[in-house]
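Let me begin by presenting the structure, written as structure tokens, before commenting on it.
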Amino acid sequence: MTGMKWVSEELKALEENKRLIPIKTLDGPQGSRVKIGNKEYLNMCSNNYLGLANHPEVRQAAIEAIKKYGVGAGAVRSIAGTMSIHEELEKKVAAFKHMPSSVVYQGGLLANIAAIPVLVGKEDLIFSEELNHASIIDGVRLSSAKRIVYKHLDMEDLRKQLQAHRNEGKKALIISDGVFSMDGDITPLPEMVKLGEEFDAMTYVDDAHGEGVLGDHGRGIVDHFHLAGKVDIEMGTFSKAIGAMGGFVAGSEDLMNLMKQKSRPFLFSSALDPAEVGAVMKSIEIMEKDDSLLKKLWHNSSLLKSELSKIGFSTGNSKTPITPVMIGKEKDTLDLSKVLYEEHSVFASPIVYPTVAQGTSRIRLMPSALHSENDIMRTVEAFQKAGKKLGLV
């Protein structure tokens, strides 16, 4: 094992700098409460927005898919891994998103890595939002296109960057998260689309935190802004509100056919397993049929933010259920999370540098449709007591 000494040194450095992430292991399914180490905690940090990850109908759909199609796809999509259930899901996703066509992938990160290098290459340009998700950044790097970063939510800066650089490349792509996962704010998509049209640039939105949360019955940010047919590429994930695993890219039929010919995760990684596909389809059916879970999610979100504000905590500029409780200092944030967990049995993860900028550390709360009003008020009470103990409120 020569040449591997650096591994232990790097781990030690992370620990010394208080940046070693502790992994908590759940013994059971996702829900409003989770069991960790034989103790029950109020779960306030899961992306299971609608509670579908353990929904009985979704679980049964996964079981039925296994009975019909087996456990694994057994091959990449381009050889022998495409099953009728994959194509059925792709049609369902396209219809749900009001897009002509879609392609499903094994995860949201893989969907971005799949799509971006197909859209642009070394002779092209990418105008990328400065707070875009790591998977977008990785996809941009793999594309070899020239990257121009524009300021967060700043369409005037995007215009300036387009004016200054658009003629430097053949094709151009404007790409942004729809909902920003650390802050809960929303990209000004209508303005982004107009700039794309004005400067002959493709528009691409990562709707990972918009699926199941924004728009009619949770159709996402494009539906939220009534922009059907205006955004060239929509990317999304099945691992958050939809409660399963996988990702997708949606767009024109020709573009999706090109994705099947050129995107590397489609060509070189085995297809999404049938159980996940079956589960995703059932989740979408539930979302289409009934929006009561969506309404409950937003009710809980509004209540949580309102009550936290009353006791002196700021939730930043969030416009979605993502609720960042802004603390500032890393040590204060880590201490608050620890007190919440150990003394109040509230599972609420700290978000610190380098995930967010120094001085902007926060506890990111994720209310769900599964939480009761009592759960929300218990969380607020825990924050009040822990905050007073640490001198934060």
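Everything in the sequence shown is counted per the working numbering, starting at 1216 for the first residue and increasing by one. All residues carry an ideal CB built from backbone N, CA and C; glycine is no exception.
Report back the beta-carbon spacing between aspartate 1422 and glutamate 1449 to the nearest angstrom; my notes put them in contact at under 8 Å. Locating residue 1422 in the sequence shown gives position 207, where the first residue counts as 1. Locating residue 1449 in the sequence shown gives position 234, where the first residue counts as 1. Indeed they touch by this definition, with Cβ atoms about 6 Å apart.
Give me, in chain order, the residues of the same chain whose beta-carbon lies closer than 7 Å to that of leucine 1304; leave out the 5 immediate sequence neighbours on both sides. As a working mapping, residue 1304 is identified with position 89 in the sequence shown. So the qualifying residues of the chain are Val1319, Val1492, Val1495, Met1496.
According to DSSP, is leucine 1508 helix, strand or coil? In the sequence shown, residue 1508 corresponds to position 293, counting from 1. Three-state result, leucine 1508: helix.
DSSP on leucine 1585, reduced to helix/strand/coil? Your numbering for residue 1585 matches position 370 in the sequence shown. Of the three classes helix, strand and coil, the one that applies to leucine 1585 here is coil, per DSSP.
Need the endpoints of the alpha helix (DSSP H) that serine 1468 sits in, please. The residue given as residue 1468 occupies position 253 in the sequence shown. Residue 1468 is actually glutamate in this sequence, not serine. The continuous alpha helix (DSSP H) containing glutamate 1468 extends over residues 1468-1477.
Inter-residue Cα distance where the pair is lysine 1361 and glycine 1266: Within the sequence shown, numbered from 1, the residue matching residue 1361 stands at position 146. Within the sequence shown, numbered from 1, the residue matching residue 1266 stands at position 51. Each residue's alpha carbon lies about 40 Å from the other.
Which value, in whole angstroms, describes the spacing of the CA atoms of leucine 1487 and phenylalanine 1481? Here residue 1487 is taken as the residue at index 272 of the sequence shown, counted from 1. Here residue 1481 is taken as the residue at index 266 of the sequence shown, counted from 1. A straight-line Cα-Cα distance of about 10 Å links leucine 1487 and phenylalanine 1481.
Residues in the same chain with beta-carbon distance under 8 Å from tyrosine 1264, minus the five sequence neighbours each way, listed in chain order, please. The residue given as residue 1264 occupies position 49 in the sequence shown. For tyrosine 1264, the CB contacts under 8 Å within the same chain, skipping 5 residues up- and downstream, are Gly1427, Val1428, Lys1455, Ala1456, Leu1512, Pro1536, Met1581, Ser1583, Ala1584 in chain order.
Taking the continuous beta strand (DSSP E) assigned at serine 1391, which residues delimit it? Numbered from its first residue, the sequence shown carries residue 1391 at position 176. Here the beta strand (DSSP E) through serine 1391 covers 1387-1392.
Whole-angstrom C-beta distance between leucine 1508 and glutamate 1588, which should lie under 8 Å: For the purposes of this step, residue 1588 is taken as the residue at position 373 of the sequence shown. For the purposes of this step, residue 1508 is taken as the residue at position 293 of the sequence shown. About 15 Å separates the two Cβ atoms, so there is no contact after all.
Could you check how far apart the C-beta atoms of glutamate 1345 and histidine 1367 are, in whole angstroms? I think they sit under 8 Å. Start at 1 with the first residue of the sequence shown, and residue 1345 comes out as number 130. Start at 1 with the first residue of the sequence shown, and residue 1367 comes out as number 152. That belief holds up - the Cβ atoms of glutamate 1345 and histidine 1367 are roughly 5 Å apart, short of 8 Å.
Fully enclosed by the stretch 1390-1473, which beta strand (DSSP E) runs are 3 residues long or longer? 1417-1421, 1448-1452, 1462-1466
Could I get the ranges of all uninterrupted alpha helix (DSSP H) runs contained in the stretch 1297-1339, with 4 residues as the minimum, in chain order? 1299-1311, 1323-1334
Helix, strand or coil: which one does DSSP assign to glutamate 1225? Here residue 1225 is taken as the residue at index 10 of the sequence shown, counted from 1. DSSP places glutamate 1225 in the helix class (H, G or I) of the three-state scheme.
Quick check: valine 1595 and isoleucine 1526, are their CB atoms within less than 8 Å of each other? Sequence index remark: in the sequence shown, residue 1595 carries index 380 (1-based). Sequence index remark: in the sequence shown, residue 1526 carries index 311 (1-based). Yes, the Cβ-Cβ distance between valine 1595 and isoleucine 1526 is below 8 Å.
Write down every uninterrupted run of the beta strand (DSSP E) in the stretch 1553-1587 whose length is 3 residues or greater and which is fully enclosed by it, in chain order. 1576-1580
Answer yes if the stretch 1313-1333 comes into contact with the stretch 1281-1291, meaning at least three C-beta pairs across the two stretches below 8 Å, and no otherwise. no
How many Å lie between serine 1552 and asparagine 1253 at the Cα? Position 337 of the sequence shown, counting from 1, holds the residue named residue 1552. Position 38 of the sequence shown, counting from 1, holds the residue named residue 1253. In a straight line, the C-alpha of serine 1552 is about 19 Å away from that of asparagine 1253.
Who are the Cβ neighbours of serine 1498 in its own chain at under 7 Å, not counting the five residues just before and after it? Position 283 of the sequence shown, counted from the start, is the residue given in the question as residue 1498. Once the five neighbours on either side are set aside, the close Cβ partners of serine 1498 are Leu1267, Val1273, Ile1457, Gly1458, Ala1459.
Exposed unless 16 or more other CB atoms sit within 10 angstroms - verdict on proline 1569: What you label residue 1569 is simply residue 354 of the sequence shown in a count that begins at 1. Exposed.
Name the two residues that bound the continuous beta strand (DSSP E) containing arginine 1356. On the sequence shown, position 141 is the one that residue 1356 refers to. No beta strand (DSSP E) holds arginine 1356; the alpha helix (DSSP H) holding it covers 1349-1358.
Output yes or no for whether 8 Å exceeds the beta carbon distance between valine 1193 and alanine 1349. With the chain covering 1216 to 1608 only, the question about residue 1193 has no answer from this structure.
For aspartate 1400, tell me which candidate among Gly1531, Asp1242, Gly1243 has the shortest Cα-Cα distance. Your numbering for residue 1400 matches position 185 in the sequence shown. Considering only alpha carbons, the answer is Gly1531.
Which residues DSSP lists as bridging methionine 1541, in chain order: For this step, residue 1541 is matched to residue 326 along the sequence shown. Note: methionine 1541 sits in a beta bridge opposite Ser1529, Arg1577.
Indicate the three-state DSSP secondary structure (helix, strand or coil) for serine 1261 in the structure shown. By one-based count along the sequence shown, residue 1261 stands at place 46. In this structure, DSSP gives serine 1261 a state outside helix and strand, which the three-state scheme calls coil.
Go through its chain and collect everything with a Cβ distance to lysine 1307's Cβ below 7 Å, but skip five positions before and after it. By 1-based counting over the sequence shown, the position of residue 1307 is 92. For lysine 1307, where only same-chain residues beyond five positions count, the Cβ hits under 7 Å are Met1496, Ile1499.
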